[in-house]
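> Please find one structure pasted underneath; my questions will follow.
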Amino acid sequence: MPGIDPEVIVHSLKVNPANKPIIQKKQNFAPDRQQAIEQEVDKLLKAGFIREVHHSTWLANVVLLRKGSGAWRMCIDYINLTRPTQKTAFLFHVSTN
């Protein structure tokens, strides 16, 4: 994403400590989909937008969707992970200068 400095962006979730960690069952993909996932992950690693985590307690699977061009779009299935998080209001300030 041009113009966005990944060193400045920090994302965190407010998770209620009473909730148990959710780990989605690992999904297996067809070889063409697995290759598309590996290419997208490599691209995100090289750009510095993601990093490898070895012992995560909260895991979400990827979902592949077909673009109109026939290429794959990789998304993350956060449905089960958003349920135990505390709802927050996000306020954005846009400078008019």
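Under the working numbering, the first residue of the sequence shown carries the number 747, and numbering increases by one thereafter. Think of the CB as a built atom: it goes at the ideal place given N, C-alpha and C, for glycine as much as any other residue. No experiment lies behind these values; they were computed from the predicted model shown.
What are the start and end residues of the alpha helix (DSSP H) that includes L810?
Taking the sequence shown and counting its residues from 1, the one referred to as residue 810 is at position 64. Premise fails: L810 lies in the beta strand (DSSP E), 808–812, not in any alpha helix (DSSP H).
> Closer than 8 Å is the cut-off here; do at least three beta carbon pairs connect the segment 797–813 with the segment 762–776?
With a cut-off of 8 Å, the segment 762–776 and the segment 797–813 count as touching, because enough Cβ pairs lie within range.
> Looking only at C-alpha atoms, which of S815, V808, N826, L827 sits nearest to E786?
Position 40 of the sequence shown, counted from the first residue, corresponds to residue 786. The residue with the shortest Cα to Cα distance from E786 is V808.
> Report back the beta-carbon spacing between T831 and V761 to the nearest angstrom; my notes put them in contact at under 8 Å.
On the sequence shown, residue 831 is found 85 positions in, with the first residue counted as 1. On the sequence shown, residue 761 is found 15 positions in, with the first residue counted as 1. The Cβ separation is near 5 Å, so the contact holds.
> What did DSSP end up calling T828 once you bin it into helix, strand or coil?
Position 82 of the sequence shown, counted from the start, is the residue given in the question as residue 828. Helix, per DSSP.
> Which of the three DSSP states is assigned to R797 in this structure?
Here residue 797 refers to the residue found at position 51 when the sequence shown is read from its first residue. Three-state result, R797: coil.
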